[in-house]
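One structure below.
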Amino acid sequence: MIGFGPHLMVDGYEGSFETLASIEAVTNFLDTLPSQIGMTKIMPPYVFKYDGGEKPEDWGISGFVIIAESHISIHTFPEKGYFSIDIFSCKDFDIQAAIEIIKSFFGTEKLEIQTTSRGTEFPRDIGLATTITSSQRNRLI
């Protein structure tokens, strides 16, 4: 792995209305996904229903779960059959396995998938990090 870690971004279309509209389903997804992809959940998912504000058709379910490795978030738009999911981690994970879980859970094959590596210059070696910070700071003593 280069840098801080991988970031998987998924835009899903034609997802199951019932799943996208369900606080319970989205909570279950966020609660179980971390262990399925080798991550460590450090808090229960936080999930809520958004009423759409000035655009009632944009109502949906949003939520996130903090994992030791970073976070997983989701936003759903049931009336449009759309959802977006971000999985950001400081360690490698099986991106294809995560995609298959998402397809199965939300009942769709129609996904836009983007991946990137975050923090490509992130120093993984503590010695290197110390050298970098020491060169950029003035000693007070």
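With the working numbering applied, the sequence shown closes on residue 147, and no number is skipped along the way.
Note that CB positions come from ideal geometry on N, CA and C, so glycine has one too.
Write down the C-beta distance between residue i and residue j rounded to the nearest angstrom, noting that I regard them as a contact closer than 8 Å.
i    : j    : result
S68  : H81  : 5 Å
T114 : E20  : 5 Å
F89  : F112 : 6 Å
V71  : P40  : 6 Å
T100 : I43  : Inspection of the sequence shows that residue 100 is occupied by Asp rather than by Thr. D100 to I43, Cβ: 6 Å. Contact.
I73  : I91  : Their Cβ separation, rounded to whole angstroms, is 14 Å, which puts I73 and I91 out of contact at 8 Å.
S95  : P12  : 6 Å
Name the one or two DSSP bridge partners that residue i has.
i    : result
V32  : Answer is none; V32 lacks a bridge partner.
L117 : G18
F83  : Y88
T122 : H13
S68  : F54, H81
Can you have a look at residue i and say buried or exposed, based on whether 16 or more other CB atoms are within 10 angstroms of its CB?
i    : result
I25  : One detail in the question is off: residue 25 reads as Thr in this sequence, not Ile. The residue in question, T25, is buried, as its Cβ has 16 or more Cβ neighbours within 10 Å.
A135 : Caution applies to A135, whose pLDDT of 46 falls short of 50 and renders its modelled position unreliable; the value that the coordinates give is listed next. Classification for A135: exposed.
T139 : Here T139 scores only 48 on pLDDT, less than 50, and its place in the model should not be relied on; the value that follows carries that caveat. The residue in question, T139, is exposed, as its Cβ has fewer than 16 Cβ neighbours within 10 Å.
A104 : buried
Y52  : exposed
E75  : buried
G18  : buried
P62  : exposed
I93  : buried
I29  : exposed
F35  : buried
S110 : exposed
P2   : As shown, the chain starts at 7 and ends at 147. That puts residue 2 outside it, with no answer to give.
G59  : exposed
Terminal residues of the continuous alpha helix (DSSP H) containing residue i?
i    : result
K47  : That residue, K47, is in no alpha helix (DSSP H); it is neither H nor E in DSSP.
A103 : 101-112
E24  : 23-26
For the ligand SAH, is there any heavy atom lying closer than 8 Å to the beta carbon of residue i?
i   : result
S79 : This structure simply doesn't include the ligand SAH, nor any ligand for that matter.
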